[in-house]
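Heads up, the thing below is written out as structure tokens.
Chains as they are written, first to last, in this note's numbering: chain A, 282 to 712; chain B, 923 to 1136.
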């Protein structure tokens, strides 16, 4: 009846029905062929299902319907054109609001009140309230700040002096005891300098010697918050300046593990040194932040598996800051350390909760990544944070192409499976 | 909770035109500023900073849709270099959910707008027709990550789809005309009676809902 000029191979045939039959045969065989190829095992769902706590700056409600359900439900013909709907909508949702970028900006409270640090959500309510807020600002900057600054200076000086003095002593139990005293005292002074109110829960689970303590990371003061209650061996890179001085002084008194910048790149060296430290049951527990970067305390991002390959017992700790009194998150791309410390010291207070959790060990047949995820879930559950599978490194880098390819593979697999279901009226589907 | 500020007149005009509430516009404005790093306009490169979007196989097309002059209602063809907030809202309004109180006529035009947006996504050369090649291109993007799918299968799937769409519109073409592709009218016909509204919208939360949950 009609000639369809697609430039395709069936141009010589008659009616559409005729087309359809001949075309269906070749299509059928192609689909069969394709369907028998196993692409991969363990196909991940396109969107990880997670506990969603509506974030304060969440704008949209995301549709969590998995791709299969959404696309498979449509009639065969329309679904060809409408497949694009699913990806389109996901794309739009991502443009309006994406989960990752959200985590790298400070959590904003919905309501604005006197205790609020920032005036992003400021609504002018009345003159009286504004005046009170201004008085609050003056109190914080002119009264609290100098006080805290002095305290901090005292704390840091005594830490440097104290640890240097203790470092001169010969190694022994007296040295360990004194070093503990010095570290604890100086930590406490520093925490007072920030007006920190810390609530420790489940102290019976406190990390023991020879273990590894793992916590979520929100700011540089996480370390001070934890050392306020116990002594740890810190792990980190050697810095210059004041930080370097502190590092050099403290390592004399207590065996912290400081790495040179070049050594950090060599993962085996790092693991070896940490393993040696852990093996010695007399040494203090190591403190590690496996996320690798500061997250804004509403979620826990991917844990780097390196810390979990060392072996030994892991003591997870969850730290949750109360956002009403002060925002502890350090957005290192926006603020440098000095302005960050200034902001912290001019807050009303730092209130946080620390939960010590029962120790975990790697199970038989579990690899480092699975173990890391298990620990991460436990920490997220305890702290009331959401879990995200994304890498904290996304703060600065782009997503790997492999994620995109995953989506494409899923879609094509489904497309052909649906297609073959339609074309095989009585046949079995070889999947 | 602070009392509501008086809404500036431009905002009200925007709200009327695009159908968003002033709160949603404020939130979208904040998002706009986040995306363009506090410049006045957004360019294509600014969309590179969204990790979630990288996940998406038709990312390039979605970003193009933002700059497509047809969607911006500025010209029948071409791509804009950069878009301002008003343009951003215009594109966003294609994904607005339908409201309960819309009458038949508005509903119909709403639907048509959304389908037109979709049509433009396929029709990359602005000629108003989706040809086989254009459809294949989209399919390519959606599936290109799969190394096992041969070109043949892809072609077969694409041709199958076009055949079916064409058969629905057979009656229209004259006996000597060459069938070039799917026009917008045909496209509308394909979707007659099928509910696309729920598939093509993004649900915005209202501030009250958020405050309540918090």
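Glycine included, every Cβ here is placed at the ideal spot set by N, Cα and C. Quantities reported herein were computed from a predicted structural model and do not represent experimental measurements.
Asked	Found
Could you compute how far the alpha carbon of residue 548/A sits from the alpha carbon of residue 562/A?	23 Å
For a contact defined as C-beta to C-beta under 8 Å, what are the partners of residue 370/A on chain B?	1017, 1121, 1122, 1123 and 1124
Using a Cβ cut-off of 7 Å (strictly closer), state whether residue 504/A contacts chain B.	no
Strictly below 7 Å CB to CB, what residues from chain A border residue 1029/B?	Simply none; closest approach about 18 Å.
Please report how far the alpha carbon of residue 544/A lies from the alpha carbon of residue 518/A, in whole angstroms.	9 Å
With respect to the alpha helix (DSSP H) encompassing residue 414/A, which residues constitute its N-terminal and C-terminal limits?	408-419
Return yes when the Cβ of residue 664/A is within less than 7 Å of the Cβ of residue 533/A, no when it is not.	no
Looking at the strands, I want to know which residues DSSP matches up with residue 515/A.	568/A
Count the other CB atoms, across all protein chains shown, that sit within 10 Å of the CB of residue 1031/B; report buried if there are 16 or more and exposed otherwise.	exposed
Quick check for students: name the residue ranges of the alpha helix (DSSP H) that lie wholly in the region 517-555 of chain A, counting only runs of 4 or more.	522-534 and 542-546
I'd like to check one pair, residue 567/A with residue 493/A: are the Cβ atoms closer than 7 Å?	yes
Rounded to whole angstroms, what is the Cα-Cα separation between residue 438/A and residue 558/A?	28 Å
If contact means a Cβ-Cβ distance below 8 Å, which residues of the region 1005-1016 of chain B contact chain A?	1014
Mind the definition here: the region 459-467 of chain A touches the region 631-638 of chain A only if three or more C-beta pairs lie below 8 Å; say whether that holds.	no
Can you give me, in chain order, the residues of the region 558-577 of chain A that have a beta carbon less than 7 Å from any beta carbon in chain B?	none
Kindly give me the distance between the Cβ atoms of residue 555/A and residue 619/A, rounded to whole angstroms, as I take these residues to be in contact under 8 Å.	That pair is no contact at about 31 Å.
Hey, how far is the Cα of residue 255/A from the Cα of residue 1003/B?	A question about residue 255/A goes unanswered here, because the residues of chain A that appear run from 282 up to 712.
Between the C-alpha atoms of residue 960/B and residue 1122/B, what's the straight-line distance to the nearest angstrom?	29 Å
Can you tell me which of the three DSSP states residue 932/B falls into?	helix
Are the C-beta of residue 366/A and some C-beta of chain B separated by less than 7 Å?	yes
Using only the alpha-carbon positions, how far apart do residue 721/A and residue 1024/B sit?	Any property of residue 721/A remains undetermined from this structure, which presents chain A solely from 282 to 712.
Would residue 944/B pass as a contact of residue 937/B if the rule is Cβ separation under 7 Å?	yes
What are the boundary residues of the alpha helix (DSSP H) that includes residue 625/A?	618-626
Return helix, strand or coil for residue 460/A, following the three-state DSSP convention.	helix
Can you tell which of 623/A, 622/A, 627/A and 659/A has the C-alpha that lies nearest to the C-alpha of residue 584/A?	659/A
Cutting at 8 Å between CB atoms, please list the residues of its own chain near residue 638/A, excluding the five before and the five after it.	483, 486, 596, 597, 598, 599, 659, 660 and 663
Which whole-angstrom value describes the C-beta separation of residue 982/B and residue 992/B, a residue pair presumed to lie in contact below a C-beta threshold of 8 Å?	17 Å between Cβ atoms; not a contact.
Residue 1001/B by DSSP, collapsed to three states: which one?	strand
In chain order, what residues of the region 946-964 of chain B put their CB closer than 9 Å to some CB of chain A?	946, 949, 950, 952, 953, 956 and 957
Below 7 Å CB to CB, which residues in the same chain sit around residue 1043/B once its five sequence neighbours on both sides are set aside?	983 and 987
Count Cβ pairs between the region 572-587 of chain A and the region 499-517 of chain A that sit closer than 8 Å; are there 3 or more?	yes
What residues match up with residue 596/A in a beta bridge as DSSP calls it?	494/A
Expressed to the nearest angstrom, what Euclidean distance is found between the alpha-carbon atoms of residue 625/A and residue 615/A?	15 Å
Would you call the CB atoms of residue 1036/B and residue 1016/B closer than 7 Å?	yes
Excluding the 5 residues flanking residue 450/A on each side, which residues of the same chain have their C-beta closer than 8 Å to its C-beta?	456 and 459
Could you spell out where the beta strand (DSSP E) holding residue 508/A opens and where it closes?	Not the beta strand (DSSP E): residue 508/A falls in the alpha helix (DSSP H), residues 503-508.
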